[in-house]
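Peer 1:
Numbering (our numbering), first residue to last: 40 to 313.
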């Protein structure tokens, strides 16, 4: 009935919210490209992801019908096709559709809530990593700044606030963050301790590497020498590259934050097409 709990089967559930122009789509692609070697984008944003097709390798599906059931169909299709990462860009359109289906009365939500739950469950139960973008409501605030004459003045600044989604949706994800107009991702909720309360300018590989280490056991715990790291890598990459190539990868690898072992694991996962 019970078995030892491990992280080996965990798939990432990441939510990125932000106002239009904050960099949600680009950041989702940048992170996804380092989480897996095959990416499927469920695009409800009129092909916005395709603008980055020259920078990232991915396949896309244009979803014109935003009924939750259509999202679920697209997620299942991506799973069955073997994609390692699914980007939903944007999940907010499902919420717009749910609001339309519910109408103005409370009774309408009795039928809509189960649809919403099925969509959430399809994301949480997916065999792939899932990154969902969400639009944020936009507001203007007055912000202080120092003028050329040295005086403190105020100017209007556009900011994104709450995501356009059901209240509390961010708690369904492992990690949730908000993008601002400076393209900075602020992590607001995280089950990954290493990401808690951090900020990332133009998030991508760094975020993905932290997530990959988090969901995989730390193999370096039992490494005592460089040979241990190379032997482990050889087992992971058996039949893919030679021992000489593995050795060369090790010698050219740069440490991250003064530590080479986590960087080594991240690099091997890349070579595996994790």
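The beta carbon of each residue, even a glycine, is placed where N, CA and C say it ideally should be. All values reported here derive from a predicted model rather than from experimental measurement.
Can you list, in chain order, the residues of its chain whose CB lies under 6 Å from that of residue 223, leaving out five sequence neighbours each side?
Peer 2: Cβ within range, chain order: 238, 240.
Peer 1: Closest to residue 245 by CA distance: which of 296, 97, 88 is it?
Peer 2: For the residues 296, 97, 88, the minimum Cα distance to residue 245 belongs to 296.
Peer 1: Which term fits residue 213, buried or exposed, when burial requires 16 or more other beta carbons within 10 angstroms of its beta carbon?
Peer 2: The residue is buried, with at least 16 neighbouring Cβ atoms inside 10 Å.
Peer 1: For residue 75, count the other beta carbons within 10 Å of its own beta carbon; 16 or more makes it buried, fewer makes it exposed. Which is it?
Peer 2: Buried: at least 16 other Cβ atoms inside 10 Å.
Peer 1: Closer than 6 Å by C-beta to residue 106: which residues in its own chain qualify, once you throw out the five before and the five after it? Chain order, please.
Peer 2: Closer than 6 Å at Cβ, skipping near neighbours: 136.
Peer 1: Does the distance from the CB of residue 158 to the CB of residue 110 come in under 7 Å?
Peer 2: A contact, by the Cβ cut-off of 7 Å.
Peer 1: Can you tell me whether residue 163 is buried or exposed? The criterion is at least 16 other CB atoms within 10 Å of its CB, across all chains shown.
Peer 2: Burial call: exposed.
Peer 1: Quick check: the Cα distance between residue 202 and residue 300, rounded to an integer number of angstroms?
Peer 2: Whole-angstrom Cα-Cα distance: 37 Å.
Peer 1: What distance in whole Å lies between the Cβ atoms of residue 125 and residue 114, which are believed to be in contact at a cut-off of 8 Å?
Peer 2: Yes, they are in contact, since the Cβ atoms of residue 114 and residue 125 sit about 6 Å apart, within 8 Å.
Peer 1: Rounded to the nearest angstrom, what separates residue 132 and residue 118 at their Cα positions?
Peer 2: Near 21 Å, if we compare the C-alpha coordinates of residue 118 and residue 132.
Peer 1: Considering only their Cβ atoms, is the gap separating residue 79 from residue 93 smaller than 7 Å?
Peer 2: No, the Cβ-Cβ distance between residue 93 and residue 79 is not below 7 Å.
Peer 1: Could you check how far apart the C-beta atoms of residue 216 and residue 227 are, in whole angstroms? I think they sit under 8 Å.
Peer 2: Confirmed, about 6 Å.
Peer 1: Can you name, in chain order, every residue of its own chain whose Cβ lies under 8 Å from the Cβ of residue 273, other than the five neighbours on each side?
Peer 2: Here the set comprises 282, 285.
Peer 1: Tell me where the alpha helix (DSSP H) around residue 248 begins and ends.
Peer 2: Element bounds for residue 248: 244-254.
Peer 1: Got a sec, what are the start and stop residues for the alpha helix (DSSP H) residue 141 sits in?
Peer 2: Residue 141 -> alpha helix (DSSP H) spans 131-141.
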